[in-house]
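**Student:** Just so you know, the protein sequences line up as chains G and B, in that order.
When you number the first sequence by this note's numbering, it's gap-free, plus one each residue, and the end is 187.
When you number the second sequence by this note's numbering, it's gap-free, plus one each residue, and the end is 1179.
The structure is given below, and queries will be raised subsequently.
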Amino acid sequence: MLEMLKQPWPWYVAGVIIGLIVPALLILGNKHFGISANLRHACAACFPADIKFFKYDWKKEIWNFFFVAGIIAGAIIAARLIANPNPIVVNPTLASELAGFGITDNSNMLPEELFSWRSLFSLRGLVMLIGGGFLVGFGARYAGGCTSGHAIMGLSDLQWPSLIATIMFMAGGFIMANLILPIILRL
Amino acid sequence: MNTVKETISVQPLSAQVDKDVIDFEVRSLDTMCVNESHKVHPWWYNFKYMPVGILFGIVFVKAEIVSWYRIQEMFRLQNFHMYGVIGTAVVIGIISVWLIKKFNLKTIHGEKIEFHPKKFNKGQIYGGLLFGLGWAITGACPGPLFAQIGTGSLVIAIVVLSAIAGTWTYGYFRERLPH
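Structure follows, in structure tokens:
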């Protein structure tokens, strides 16, 4: 049993559990699944700077901080107690493409060459960590939600603006991964 | 004299209601989680959301949704995994929401479960595209970012801080951006 839990879980198990988070949050307290709102609540709580967008009673949304604290705790549990002892299996085409950029360490979820304190002090790492994070935060709020709020919660409620947002998420991802990222990885 | 007194005593109440309405409107701008629980609970009631988060965090890690490689494979059409995860989650979500509406299910505190229609604006196009660009760089949307920190990649805290900075910058320029 434990050996089975340690293996990577198949997509249908993950998909069912993530899908059930939608009714779980609604039934627990009328909450809509959405993670990126936390980034906004953090702004509202720490540096609202008199910006109207951040002037609201963020304390009414602290349930989401508890939810995110749970995500971090869950990740710690999974990484300490039921971690997969083997390296991540990477599609051979992707692996050889990445090897061309000197990225070969697939012992962790994130390639060490890109996501480490050392890489933060290289141009490539700086662009990816700071630039990537900035785009995620800016884009999610501009779009009015991220993958959880639009692609999962919004689509579950059959909201067509969420479908447009989801299509644009995918379009941006395809453009970045196939056209722009190869240039960044060469830095 | 009496009427004056009345207006004075009524005003604070209506001002409070106005403030709540405005507060709700501001919060509902571009954010999904505006469902108001009209019941007031002590803060520690929020601990009930933690087990849901823990389960979510475990699934994120165990199904490798937090892996940069899985996201790269998704955007290169090299692996069905992420399409399977998101597709299944959406199907389960649609069935769940449909059941909640059909049977008019209540929360565990007996409240009616509410849904708010999303309004279309151009932000979903421009913002969505920018978010997608970032997603393919970091290999993580906001949920997995937090989970990555939990797996021990502490440097991802920098990515989260940058995402908060991005959110703040959006708020700052909001009025001047096309919506």
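All residues carry an ideal CB built from backbone N, CA and C; glycine is no exception.
What is the DSSP secondary structure of F6 (chain G), counted as helix, strand or coil?
**Tutor:** Looking at the sequence itself, residue 6 (chain G) is Lys, so the reference to Phe does not match. Correct three-state label for K6 (chain G): helix.
**Student:** I need the boundaries of the alpha helix (DSSP H) containing E112 (chain G), first residue and last residue.
**Tutor:** Looking at the DSSP string, E112 (chain G) is not in any alpha helix (DSSP H), and its letter there is neither H nor E.
**Student:** For K1118 (chain B), which of helix, strand or coil comes out of DSSP?
**Tutor:** coil
**Student:** Indicate whether at least one CB of chain G lies closer than 9 Å to the CB of F1103 (chain B).
**Tutor:** F1103 (chain B) does not count as touching chain G.
**Student:** If you measure between the beta carbons of L110 (chain G) and V1160 (chain B), is that distance less than 9 Å?
**Tutor:** no
**Student:** Is it buried or exposed for P1178 (chain B), if we count other Cβ within 10 angstroms and need 16 for buried?
**Tutor:** exposed
**Student:** Return the chain-ordered list of same chain residues with a C-beta closer than 6 Å to the C-beta of E61 (chain G), the five sequence neighbours on each side being excluded.
**Tutor:** H41
**Student:** What three-state label does DSSP hand K55 (chain G) in the structure shown?
**Tutor:** coil
**Student:** With distances taken Cα to Cα, identify the nearest neighbour of G70 (chain G) among B:I1156, B:A1163, B:F1173, B:G1150.
**Tutor:** Cα-wise, what sits closest to G70 (chain G) is B:G1150.
**Student:** Cutting at 7 Å between CB atoms, please list the residues of its own chain near L1130 (chain B), excluding the five before and the five after it.
**Tutor:** none
**Student:** Between the Cα of L94 (chain G) and the Cα atoms of B:H1116, B:T1107, B:W1068, B:I1092, which residue gives the shortest distance?
**Tutor:** B:W1068
**Student:** Three or more C-beta pairs closer than 8 Å, one from the region 1086-1096 of chain B and one from the region 10-24 of chain G: is that the case here?
**Tutor:** yes
**Student:** Which value, in whole angstroms, describes the spacing of the CA atoms of Q1011 (chain B) and A1157 (chain B)?
**Tutor:** Unreliable placement is indicated for Q1011 (chain B), whose pLDDT of 43 sits below 50; no coordinate value is reported for it.
**Student:** Would you decide whether G74 (chain G) is buried or exposed? Buried here means 16 or more other CB atoms lie within 10 Å of its CB.
**Tutor:** G74 (chain G) counts as buried, since at least 16 other C-beta atoms from the protein chains shown sit within 10 angstroms of its C-beta.
**Student:** At a CB distance below 8 Å, what residues from the region 150-171 of chain G approach chain B? Give them in sequence order.
**Tutor:** Listed by position, the residues of the region 150-171 of chain G near chain B (Cβ gap below 8 Å) are H150, A151, I152, M153, G154, L155, S156, D157, L158, Q159, W160, P161, S162, I164, A165, T166, I167, M168, F169, M170, A171.
**Student:** What's the call for G90 (chain G), buried or exposed, on a 16-neighbour Cβ count within 10 Å?
**Tutor:** In the sequence under discussion, the amino acid at residue 90 (chain G) is Val, which differs from the Gly named in the question. Its Cβ being crowded by 16 or more others within 10 Å, V90 (chain G) is buried.
**Student:** If you drop the 5 nearest sequence neighbours on each side, which residues of the same chain put their C-beta closer than 7 Å to that of R186 (chain G)?
**Tutor:** F101
**Student:** P87 (chain G) and S107 (chain G) look like a contact to me (Cβ under 8 Å); what is the Cβ gap, rounded to whole Å?
**Tutor:** Confirmed, about 5 Å.
**Student:** If you check the beta carbons only, do S1162 (chain B) and G131 (chain G) fall under 9 Å apart?
**Tutor:** Contact: yes.
**Student:** Taking the CB atoms as reference points, tell me whether K6 (chain G) and Y1049 (chain B) lie closer together than 9 Å.
**Tutor:** no
**Student:** Is L2 (chain G) close to chain B? Criterion is C-beta to C-beta, closer than 9 Å.
**Tutor:** no
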